[in-house]
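Protein chains in written order, with numbering that gives the first Met the number 0: chain Z, 0 to 108; chain B, 0 to 85.
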Amino acid sequence: MTEDTNELLPTAEYSGPVFKRFEVDPSKPHSTSGRTNGPSDYVLAAGAVDRDAPTEAKDTRIGRLRAYITTLQDEVNEFLTERMKSKGEEERQDLVNSEEEEDEDQTGV
Amino acid sequence: MVFSHRLSYRIPFCSAKQARIAQGSLQPDPTLKPSELQAVYTVDDNVLTITFDGVSERVIRVAANNTIENLKTVIECLEEFEIKSC
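Spelled out as structure tokens, the structure:
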């Protein structure tokens, strides 16, 4: 993709228990085919055809914007998914700990 | 309900008109569970800002991903149908 001094560069910010800012680097390759959307590899390998696949971005500022947004979307999705996983793991561990404490209480240990 | 998580997207367009078209296309989509999520669309000149406030990462991820998918369709339409693209 060509670079332009007036590139339309989207950004994103997450704030909650942590803060994270997301930016795209226009010097890297970007595509409208995201990693976190569309049919899974498993489904595609089974012969499915993705009829809703996005078109390739045109080499215009608005076209490249769509590819940049796809990159940003992937990064945000992966970040939030990772946080959901780690939170789920923490909750499972808390549950195990509280059950162990209950067992200890009941056995009088 | 306290919204403890916030995700904001800042999307610059070629013109203020394009940003308003995107806002007008996305904004009517109702929030299914307003007690769990709130989405706000604002336009300042050529920049569309979409802010999601939600009760969890999961709620925000689902809503934001869906909205961004719709936003990409809007941009694809601008690419294809605008007479004077940029």
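From the three backbone atoms N, C-alpha and C, an ideal C-beta is built for every residue, glycine too.
These figures come from a predicted structure and were not determined experimentally.
Under the three-state DSSP convention, the category residue i falls into
| i | result |
| --- | --- |
| Gly-26 of chain B | Residue identity differs from the one stated: residue 26 of chain B is Gln in this sequence, not Gly. Note: Gln-26 of chain B maps to coil in three-state DSSP. |
| Val-46 of chain B | strand |
| Glu-55 of chain Z | coil |
Proximity below 9 Å, CB of residue i to CB of residue j
| i | j | result |
| --- | --- | --- |
| Arg-5 of chain B | Ile-59 of chain B | yes |
| Ala-62 of chain B | Ala-38 of chain B | yes |
| Cys-76 of chain B | Ser-14 of chain B | no |
| Thr-59 of chain Z | Glu-78 of chain B | yes |
| Ser-26 of chain Z | Ala-52 of chain Z | no |
| Leu-36 of chain B | Asp-52 of chain B | yes |
| Met-0 of chain B | Val-42 of chain B | no |
| Ser-7 of chain B | Ile-49 of chain B | yes |
| Val-23 of chain Z | Thr-54 of chain Z | no |
| Ser-97 of chain Z | Ala-56 of chain Z | no |
| Asn-64 of chain B | Asn-36 of chain Z | yes |
Buried/exposed call for residue i, threshold 16 Cβ in 10 Å
| i | result |
| --- | --- |
| Pro-9 of chain Z | buried |
| Ala-11 of chain Z | buried |
| Ala-45 of chain Z | exposed |
| Gln-72 of chain Z | buried |
| Thr-30 of chain B | exposed |
| Arg-193 of chain Z | Shown here, chain Z extends from 0 to 108; a query on residue 193 of chain Z therefore has no answer. |
| Val-75 of chain Z | buried |
| Ala-21 of chain B | buried |
| Tyr-41 of chain Z | exposed |
Which residues DSSP lists as bridging residue i, in chain order
| i | result |
| --- | --- |
| Ala-38 of chain B | B:Phe-51 |
| Leu-6 of chain B | Z:Tyr-13, B:Phe-51 |
| Arg-20 of chain Z | Z:Glu-12 |
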